[in-house]
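What follows is the structure, encoded as C-alpha cells:
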C-alpha cells in the first residue's frame, strides 16, 4: 500500500509528508503532476506549497494538471484523498471539496502553532482521534479563510480560537463521504518532538489506517 | 479582438483586502468611504471576428479558469 504524494511546480512540503508517513510505518512516493495515472497507489496526498506560484487564485492552475484526473477518480471511488494547506485549496478549486479559501480576515500570513478541536471522527483524516480532542499543529497560510456560500461541507476540525475568519472556525473540511479531506494547518510538521509537537501523528495515523489493499 | 473581463466577488462573500483598504482610507481622513471591494480585470486579445463566437469562447474561459464559480461573477465587454 503506497500513498502518492503529488508534486506540482511550487509544491514545497512533499518531503515532509513522505518522511512523516514513512516514520509511521507507511509507504509514500512522490508523483509529478504531469503523470496521468495512479496505478499502484491506493491513496493521495496533495501537500502544501505554492502550486504554479498561486497564480490567479490558489489552486486555480493546479486543478488542471494531468494528475488531477486520476485524483478525481480516486475521490469518486471512495479512496482516501487528503489536501494539506495548498493541497486543500487545490481540492476546493477542483470541486472535490465544497467552498473556497480566501485571504485571511486580517490579511496576515499566519505562521504559528495553533490548537484545533476534532469535531467529526468519521473521515479518513480523523478516525483515530477522539471526538473533541484538541491537537496542536502549525498553521502556515495566507489564504486559509474557508468560505462555503452554499453552506455545504462537513467541518471535521475547528480552530479553538478564530485566527483567520474561516466559516465555523473550520480548520479541516470533508466531502459528504468523508474520504476527501482538506486541512489548512500542517499535521506533517508536528510529527517529531524536535518539531515542538507530535499531535500531527493522530491525523496521519488516521489516514494510514483508512488504507485498504488495492 | 480586444476583450475586457471583470471578475467580481459576490457581495455576500467577505473581501478582506477591500476591508483593509477601507480602513487605510479612513486613517487618511477619507471617512466617508463606506465600502471598498477589490475586483480583477483581465485584458484579453482573442482571435476571431464574430462577436458572438468570441463572447461565448470568453464565457467558457471565465467558467473554467478566470472566475471561481463558488465565489465570483464575471462581466465580459468586447472592445472596439
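Chains as they are written, first to last, in the working numbering: chain H, 1 to 214; chain U, 1001 to 1080.
Glycine included, C-beta positions come from ideal geometry on N, C-alpha and C.
Values in this document were obtained by computation on a predicted structure and should not be read as measured data.
Query - Same chain, Cβ closer than 7 Å to residue 163 of chain H, five either side skipped, listed in chain order - result: Along the first chain, read from residue 1 onward, the residue named residue 163 of chain H stands at position 163. Sequence-distant partners of residue 163 of chain H (beyond 5 residues in either direction) whose C-beta falls short of 7 Å from its own C-beta, in its chain, are 110, 114, 139.
Query raised in the report: Going along chain H in order, which residues have a C-beta closer than 9 Å to the C-beta of residue 1045 of chain U?
Result: One-based indexing of the second chain puts residue 1045 of chain U at position 45. Within 9 Å Cβ-Cβ: nothing; residue 1045 of chain U doesn't reach chain H, min ~18 Å.
Query - DSSP-derived helix/strand/coil call for residue 141 of chain H - result: For the purposes of this step, residue 141 of chain H is identified with residue 141 of the first chain, where counting begins at 1. It is a strand residue.
Query raised in the report: What's the gap between the Cα of residue 189 of chain H and the Cα of residue 24 of chain H?
Result: Your numbering for residue 189 of chain H matches position 189 in the first chain. Your numbering for residue 24 of chain H matches position 24 in the first chain. Per the coordinates, the alpha-carbon of residue 189 of chain H lies some 13 Å from the alpha-carbon of residue 24 of chain H.
Query raised in the report: So residue 1039 of chain U and residue 1020 of chain U are in contact, right, with Cβ under 8 Å, and what is the actual spacing, rounded?
Result: Position 39 of the second chain holds residue 1039 of chain U. Position 20 of the second chain holds residue 1020 of chain U. Going by Cβ atoms, the distance from residue 1039 of chain U to residue 1020 of chain U rounds to 15 Å, so no, they are not a contact pair.
Query raised in the report: Between the region 42 to 59 of chain H and chain U, which residues of the former have a C-beta closer than 9 Å to a C-beta of the latter?
Result: Taking 9 Å as the cut-off between beta carbons, the residues of the region 42 to 59 of chain H near chain U are 56, 57, in sequence order.
Query - Distance, residue 131 of chain H Cα to residue 118 of chain H Cα - result: Translated into the one-based positions of the first chain, residue 118 of chain H becomes position 118. Translated into the one-based positions of the first chain, residue 131 of chain H becomes position 131. Spanning the alpha carbons of residue 118 of chain H and residue 131 of chain H requires a straight line of approximately 6 Å.
Query raised in the report: Which whole runs of the beta strand (DSSP E) in the region 112 to 162 of chain H are 3 residues long or more, in chain order?
Result: At a cut-off of 3 residues, the continuous stretches assigned as beta strand (DSSP E) that sit fully inside the region 112 to 162 of chain H are 134 to 141, 145 to 147, 154 to 159.
Query raised in the report: Which residues bound the alpha helix (DSSP H) around residue 88 of chain H?
Result: Residue mapping note: residue 88 of chain H aligns to position 88 of the first chain, counting from 1. Start and end: 86 to 93.
**Report entry** For residue 1074 of chain U, three-class secondary structure by DSSP
**Finding:** Here residue 1074 of chain U is taken as the residue at index 74 of the second chain, counted from 1. In the displayed model, residue 1074 of chain U falls within a strand according to three-state DSSP.
Report task. Grab me the residues of residue 134 of chain H's own chain with a C-beta within less than 6 Å of its C-beta, minus the 5 sequence neighbours each way, in chain order. Result -> By 1-based counting over the first chain, the position of residue 134 of chain H is 134. Residues 115, 117 of the same chain have their beta carbon placed closer than 6 Å to that of residue 134 of chain H, with the five preceding and five following residues left out of the count.
Requested in this report: State the Cα-Cα distance for the pair residue 978 of chain U and residue 1036 of chain U, rounded to the nearest angstrom.
Outcome: Outside the displayed span of chain U (1001 to 1080) sits residue 978 of chain U, for which this structure offers no information.
**Report entry** Boundaries of the beta strand (DSSP E) in which residue 43 of chain H is found, first to last residue
**Finding:** Here the question's residue 43 of chain H lines up with position 43 in the first chain. Residue 43 of chain H -> beta strand (DSSP E) spans 43 to 46.
Query raised in the report: Closer than 8 Å, CB to CB, is residue 1011 of chain U near chain H or not?
Result: Here the question's residue 1011 of chain U lines up with position 11 in the second chain. Using a Cβ-Cβ cut-off of 8 Å, residue 1011 of chain U does not count as an interface residue toward chain H, since no Cβ of chain H sits closer than that to its own.
Query raised in the report: Mind checking residue 225 of chain H: buried by the 16 CB within 10 Å criterion, or exposed?
Result: The displayed coordinates of chain H run from 1 to 214. Any statement about residue 225 of chain H would go beyond what the structure contains.
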